[in-house]
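**Student:**
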Amino acid sequence: MSIIEKALDKLGSASEAEKDQKARENKAGREAVQTEKEDSHRQENVGTTAKTSRTIELDLKGLGKLGYLTPDTDNKVLFEQYRRIKLPVLKSAFEHESGKENKNIVMVTSSVAAEGKSFTSMNLAMSIAYEYNYTVLLIDADVTKQMSSKVMGVEGANGLIEYLTGKEEYLENLILRTNIPKLSLIPSGSHSDMVTELYSSNRMNRLIEELSTRYNDRLIIIDTPPVLEDSSAKVLTHLADQIVYIIEAEKTPRHVVENGLRMLNRKDSIGIVLNKSNLRHNRSYYYV
Amino acid sequence: MREALEQLNSQLWIILHHRWLALICAFVICAAGWAVVNILPDQYRVEAKFFFDTKTVLKPLLEGLAVDSSVKEESISLIKRTLTSRPNLVKVAQDTELDLTATTPKETEALLKRLENSISISAVSDSGNKRGGDDIYSISYVSTDPVIAKKVVDSLLNIFVESLLGITRKDSDKAEAFLDEKIREYRQKLEEAENNIKVFKQNNAGLLPEEGSSFYSRLYAAEAKLDEAMLRLREERNKNASLQEQLTALENQSDDAPAELMVGPPREKTQLEKRIEAMKLKLDELELQYTDRHPDVITTRKALEELMAQQEAEAAAQTDDPDADSRMESASPSIRDSNFYQELKIMLSSSNSEIAAITARIDDYRNRIEEMKALVNVMPEVEAKMKSLVRNYEILKETYDNLVQRRASAQISREAEQTGSEFQFNIIEPPRVPLEPVSPNRLLLASLVLLAGVFGGAALAWVYEQLKPTYYQQQEIEEDFELPVYGGVSMFWSPQEISRRKAGISIFILLYLVLFSAWGLLLFHYGLGEKLPDQVMELLGL
Chain A
205 MSIIEKALDK LGSASEAEKD QKARENKAGR EAVQTEKEDS HRQENVGTTA KTSRTIELDL
265 KGLGKLGYLT PDTDNKVLFE QYRRIKLPVL KSAFEHESGK ENKNIVMVTS SVAAEGKSFT
325 SMNLAMSIAY EYNYTVLLID ADVTKQMSSK VMGVEGANGL IEYLTGKEEY LENLILRTNI
385 PKLSLIPSGS HSDMVTELYS SNRMNRLIEE LSTRYNDRLI IIDTPPVLED SSAKVLTHLA
445 DQIVYIIEAE KTPRHVVENG LRMLNRKDSI GIVLNKSNLR HNRSYYYV
Chain B
3 MREALEQLNS QLWIILHHRW LALICAFVIC AAGWAVVNIL PDQYRVEAKF FFDTKTVLKP
63 LLEGLAVDSS VKEESISLIK RTLTSRPNLV KVAQDTELDL TATTPKETEA LLKRLENSIS
123 ISAVSDSGNK RGGDDIYSIS YVSTDPVIAK KVVDSLLNIF VESLLGITRK DSDKAEAFLD
183 EKIREYRQKL EEAENNIKVF KQNNAGLLPE EGSSFYSRLY AAEAKLDEAM LRLREERNKN
243 ASLQEQLTAL ENQSDDAPAE LMVGPPREKT QLEKRIEAMK LKLDELELQY TDRHPDVITT
303 RKALEELMAQ QEAEAAAQTD DPDADSRMES ASPSIRDSNF YQELKIMLSS SNSEIAAITA
363 RIDDYRNRIE EMKALVNVMP EVEAKMKSLV RNYEILKETY DNLVQRRASA QISREAEQTG
423 SEFQFNIIEP PRVPLEPVSP NRLLLASLVL LAGVFGGAAL AWVYEQLKPT YYQQQEIEED
483 FELPVYGGVS MFWSPQEISR RKAGISIFIL LYLVLFSAWG LLLFHYGLGE KLPDQVMELL
543 GL
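Chains as they are written, first to last, in this note's numbering: chain A, 205 to 492; chain B, 3 to 544.
1) For a contact meaning CB atoms closer than 9 Å, what does A/Val448 contact in chain B?
2) DSSP three-state call for B/Arg444: helix, strand or coil?
3) Leaving aside the five residues before and after B/Arg234 along the sequence, list all residues of the same chain whose C-beta is less than 6 Å from its C-beta, in chain order.
4) Tell me whether the region 312-327 of chain A and the region 360-374 of chain A touch, counting them as touching only if at least three CB pairs, one residue from each stretch, are closer than 8 Å.
5) Listing by chain order, which chain B residues have their CB less than 7 Å from the CB of A/Glu454?
6) Could you tell me how far apart the beta carbons of A/Ile332 and A/Lys371 are, in whole angstroms, since I believe they sit closer than 8 Å?
7) Where are the beta strand (DSSP E) runs, 3 residues long or more, that stay fully inside the region 349-427 of chain A, in chain order?
8) I'd like the span of the beta strand (DSSP E) that includes A/Gln168, first residue to last.
9) Give a yes or no on whether 7 Å exceeds the smallest Cβ distance from B/Met3 to chain A.
10) For A/Leu443, which residues of its own chain have a beta-carbon under 6 Å away from its beta-carbon, when the five flanking residues on both sides are left out?
11) How many angstroms separate the CA atom of A/Met351 from the CA atom of B/His19?
12) I'd like to know if A/Gln285 contacts chain B, where contact means its C-beta is closer than 7 Å to some C-beta of that chain.
13) Quick check on B/Arg329: buried or exposed, where buried means 16 or more other Cβ atoms within 10 Å of its Cβ?
14) By the three-class DSSP mapping on this structure, what secondary structure does B/Asn205 have?
15) Along the chain, where does the alpha helix (DSSP H) that runs through B/Gly522 open and close?
16) Does chain B have any CB closer than 7 Å to the CB of A/Pro275?
17) Starting from B/Ser145, follow its DSSP beta bridges and name the residues at the other end.
18) In chain order, what residues of the same chain have a beta carbon less than 8 Å from the beta carbon of B/Val299, not counting five sequence neighbours either side?
19) May I have the straight-line CA-CA distance separating B/Glu383 from B/Lys227, to the nearest angstrom?
20) Between B/Leu525 and chain A, is there a C-beta pair that is closer than 7 Å?
21) Going by CA-CA distance only, name the one from B/Pro43, B/Lys387, B/Ala224, B/Arg4 that's closest to B/Pro439.
22) Kindly list, in the order they appear in chain A, the residues whose Cβ is closer than 9 Å to that of B/Ser496.
23) Round the Cβ separation of B/Val516 and B/Val149 to the nearest angstrom and send it over; I've been treating them as touching at under 8 Å.
24) At the level of alpha carbons, what is the spacing between A/Glu414 and A/Thr441?
25) Answer yes or no: does any C-beta atom of chain A fall closer than 7 Å to that of B/Gln13?
26) When Cβ atoms are compared, which residues of the region 469-483 of chain A fall closer than 9 Å to chain B?
27) Would you say A/Pro292 lies against chain B (beta-carbon separation less than 7 Å)?
28) Does any residue of chain E have a CB that is nearer than 7 Å to the CB of B/Ile500?
29) Tell me whether the region 84-96 of chain B and the region 109-126 of chain B touch, counting them as touching only if at least three CB pairs, one residue from each stretch, are closer than 8 Å.
30) Would a check of beta-carbon distances place B/Val491 closer than 7 Å to chain A?
31) Does the distance between the C-beta of A/Thr274 and the nearest non-hydrogen atom of the ligand GTP fall short of 6 Å?
32) Helix, strand or coil for B/Ala125 per DSSP?
33) So what does DSSP say about A/Asp344, is it helix, strand or coil?
34) Which residues in chain B have a C-beta closer than 9 Å to the C-beta of A/Val310? List them in chain order.
35) Can you round the beta-carbon distance between B/Leu245 and B/Leu350 to whole angstroms, since I take them to be within the 8 Å contact cut?
36) Taking 7 Å as the threshold (beta carbon to beta carbon), is A/Arg407 in contact with chain B?
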């Protein structure tokens, strides 16, 4: 019996029986969520309202060691690189002429697996979290791999899938606050074979709509599966306002990238990030 | 410059990215290449050097007669043509028993072709040779079997000696034949010239001068003779006149003067007359030599006039007697019968006959001179013609003599040739079985294989990248997709990854070191160890 389970038990006692049961099923034997006692305590207090917003503590040191951007990072180059990437993203998300609706749904995808979607999603989120005017919500939509969730340590927690299947009714219950104030997460949730269908559902549309419009200053970053390997990604492209497309340097061949981009079936609001670049040339312009 | 460097850098990076592919390729190429280098058969080169004096054979014959043509180039191409002619190649194949290996005509053809290609003939420019490098040639043959190679060169050398010396012999014979022909030709010309002279002489008999005297000199001589004869005539006439006078005087005296008187006056008279005669003679002579104005002539003439005056005076004194003539006619028979009178008579008659003879002679001389004068236009022409004929003849004779002499010397030199052919042909370096192969240069080939492996691997890596291009720089993406590139993110290397990568690079370098050490071992295996000291010494020496 781990701390998590204890916490979950507490959580379960505070919330509805159905949700409690689901959480038990999903999180048995897993160790990821490190909810703080304080949080549980708070949840207990507000549990009856079923609108609890849980907070997780991210292991920033561990993330830093894995090469992720953290508030106290030493990697000035990485920091500067993401600063460059986030600027156009933020610009097209919030500085549009019409002012009608935000284009704040940013989808991060790539041609094939392991090109660095999660890495980029998280770092981009982290980078935006530094911003004074914006907050950021990271959604792990890659149900198969759940990389972001794993890295963040929220693997197995109730997430997107639970919400879409209706097992979790309240959106608020999905959103995890973190020890970085402006960064919150929605984990992927449990595995499902019907991801594509779920993503095409009205509930998904409504969810994105809701997330997009609730806060004017919130940027939603969706970490998606690779477009060539998972059809669910293609569905998500219709929902996203912007696409950040990852290309792994020195590895992803041109024709693969071509196929991937063709799969997106759109030309507007796509920005490319060359990831895992080794050529010194790509770094040499940074003033660090 | 900067762009080029960047370009180079990125290309190098691409190659490094596929370093394992490059490494594998290098290993494969080296393994295969070294195996081939090892299998390659040894090639042995046998060479023979010989001295062949092209000049001495042909030069003495043709020197001065013909232009000294470039015998040397001709001779080297001659050697090549001769030696690689098909019959010779067949002969070489038979000599070396190489023809036993070829059973079908096709194989024989290939064998002959191979022979022809492996034989090389060249002029050696050996500056150290005292006889001049121009005439040193080398025959060489390359084969996998040193013994066979030596046999081939031996055979070639034999063929060369036989055929080429035959050719030069033929050449010298040709030269002699040429000389013979010329000599014949000149002899004919000479005979012609001689004949011409003969015919000319026959045609112009009498007109032709004797040796050493021309037409004019003969004319002058004839004229001189005429003058002389005229003088003689004058003398004789004077003598005759004086005799006549004496005789007349004697006849006159005989009438009134005693016979004793006769002795005195005639003697006195003759004395004076003699002086006059002598004087006249002298004057004639002088006149022949000099003009009338010459002082000698003048003085002589004066003296003569004085004498003549004296004579006239005496004659006048004598002819004081008015009937002198009648006395003469009426000379007493006693006087007529006297010896002196008779003598005078005889002298007179002989003088008359002398005059007649001289006159006849003078006529003859005159005729002859006139004849010659008539020929004065023809004669010089004849003479000139004759002279030219003679000159022509002499020139022909000179050339003819020269040719005959040259032929004699050619014969001598040919005999010298025959007695000792070492004047023209001498093997300087006989063929010998080589111990060391000349090729393949395994050291070089093995090194080239290594280079091919390393660079071929790199090239393959590069080509691989071109076939399956990936992205190294943001600009490439922009160019390809016309989409905005938000930025690039450096690869994050975790400590494990870094150490793995380092290990990988170490292994990579280690494997390359293995490849290079294999190369080094190969070099030593191929005898670098033996050759190196020499080369090092050479380098130090330089």
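From the three backbone atoms N, C-alpha and C, an ideal C-beta is built for every residue, glycine too.
**Tutor:** With the given structure in hand:
1) The residue labelled residue 448 of chain A in the question sits at position 244 within the first sequence. Per Cβ cutoff of 9 Å: Tyr488.
2) Translated into the one-based positions of the second sequence, residue 444 of chain B becomes position 442. Looking at B/Arg444 - three-state DSSP - the assignment turns out to be helix.
3) Position 232 of the second sequence, counted from the start, is the residue given in the question as residue 234 of chain B. The answer, listed in chain order, is Ile360.
4) no
5) Start at 1 with the first residue of the first sequence, and residue 454 of chain A comes out as number 250. Under the 7 Å cutoff, chain B gives His19, Thr472, Tyr474.
6) Locating residue 332 of chain A in the first sequence gives position 128, counting from the first residue. Locating residue 371 of chain A in the first sequence gives position 167, counting from the first residue. Actually they are not in contact, since the Cβ atoms of A/Ile332 and A/Lys371 sit about 30 Å apart, beyond 8 Å.
7) 380-382, 387-390, 422-427
8) The requested residue 168 of chain A does not occur in the structure, where chain A is confined to residues 205 to 492.
9) Working through the second sequence from its first residue, we reach residue 3 of chain B at position 1. False, the Cβ-Cβ gap to chain A never drops below 7 Å.
10) Numbered from 1 along the first sequence, position 239 holds the residue referred to as residue 443 of chain A. The answer, listed in chain order, is Ile412.
11) Sequence index remark: in the first sequence, residue 351 of chain A carries index 147 (1-based). Sequence index remark: in the second sequence, residue 19 of chain B carries index 17 (1-based). The straight-line gap from Cα to Cα measures roughly 27 Å.
12) As a position in the first sequence, residue 285 of chain A is number 81, starting the count at 1. Closer than 7 Å: yes.
13) Indexing the second sequence from 1 puts residue 329 of chain B at position 327. In this predicted model, B/Arg329 has a pLDDT of only 46, less than 50, meaning its place in the structure is not dependable; the value taken from the coordinates is given anyway. Flag for B/Arg329 reads buried.
14) Looking up residue 205 of chain B in the second sequence gives position 203. In this structure, B/Asn205 counts as helix in the three-state DSSP scheme.
15) Walking along the second sequence from the start, residue 522 of chain B turns up at place 520. From DSSP, the alpha helix (DSSP H) with B/Gly522 extends over 497-527.
16) What you label residue 275 of chain A is simply residue 71 of the first sequence in a count that begins at 1. No, A/Pro275 does not count as interfacial toward chain B.
17) Start at 1 with the first residue of the second sequence, and residue 145 of chain B comes out as number 143. In the DSSP assignment, the residues bridged to B/Ser145 are B/Tyr46.
18) The residue labelled residue 299 of chain B in the question sits at position 297 within the second sequence. Counting only Cβ-Cβ distances below 8 Å, and skipping sequence neighbours, we find Leu285, Leu288, Glu289, Tyr292, Thr293.
19) On the second sequence, position 381 is the one that residue 383 of chain B refers to. On the second sequence, position 225 is the one that residue 227 of chain B refers to. So the alpha carbons of these two residues sit roughly 26 Å apart.
20) As a first step, residue 525 of chain B is located in the second sequence; it is residue number 523 there, counting from the start. Answer no: the Cβ-Cβ gap between B/Leu525 and chain A never drops below 7 Å.
21) Reading the second sequence from its first residue, position 437 is the one you call residue 439 of chain B. For B/Pro439, the nearest C-alpha among the options comes from B/Pro43.
22) Position 494 of the second sequence, counted from the first residue, corresponds to residue 496 of chain B. What B/Ser496 touches in chain A: Lys269, Leu270, Gly271.
23) Position 514 of the second sequence, counted from the first residue, corresponds to residue 516 of chain B. Position 147 of the second sequence, counted from the first residue, corresponds to residue 149 of chain B. Contact doesn't hold; Cβ gap of about 40 Å is too wide.
24) Within the first sequence, numbered from 1, the residue matching residue 414 of chain A stands at position 210. Within the first sequence, numbered from 1, the residue matching residue 441 of chain A stands at position 237. The straight-line gap from Cα to Cα measures roughly 17 Å.
25) Sequence index remark: in the second sequence, residue 13 of chain B carries index 11 (1-based). Chain A, which has no Cβ nearer than 7 Å to the Cβ of B/Gln13, makes this no.
26) Those residues of the region 469-483 of chain A that come within reach of chain B (Cβ to Cβ, closer than 9 Å) are Lys471, Ile474, Gly475, Ile476, Val477, Leu478, Asn479, Lys480, Ser481, Asn482, Leu483.
27) To locate residue 292 of chain A, count along the first sequence from 1; it is residue 88. Yes, A/Pro292 lies at the interface with chain B (some Cβ there is under 7 Å from its Cβ).
28) The displayed structure is made up of protein chains A and B, and chain E is not among them.
29) The way I'd put it, the region 84-96 of chain B does touch the region 109-126 of chain B; three or more beta-carbon pairs between them come closer than 8 Å.
30) For this step, residue 491 of chain B is matched to residue 489 along the second sequence. Yes - at least one Cβ of chain A is within 7 Å of the one on B/Val491.
31) Because no ligand of any kind appears in the structure shown, any question about the ligand GTP cannot be addressed here.
32) In the second sequence, residue 125 of chain B corresponds to position 123, counting from 1. Note: B/Ala125 maps to strand in three-state DSSP.
33) Looking up residue 344 of chain A in the first sequence gives position 140. In the structure shown, A/Asp344 sits in a strand (DSSP, three-state: E or B).
34) Here residue 310 of chain A corresponds to residue number 106 of the first sequence, with the count starting at 1. Under the 9 Å cutoff, chain B gives no residues; its nearest Cβ is about 11 Å from A/Val310.
35) For the purposes of this step, residue 245 of chain B is taken as the residue at position 243 of the second sequence. For the purposes of this step, residue 350 of chain B is taken as the residue at position 348 of the second sequence. That pair is a contact at about 4 Å.
36) Residue mapping note: residue 407 of chain A aligns to position 203 of the first sequence, counting from 1. It does not; no Cβ of chain B falls within 7 Å.
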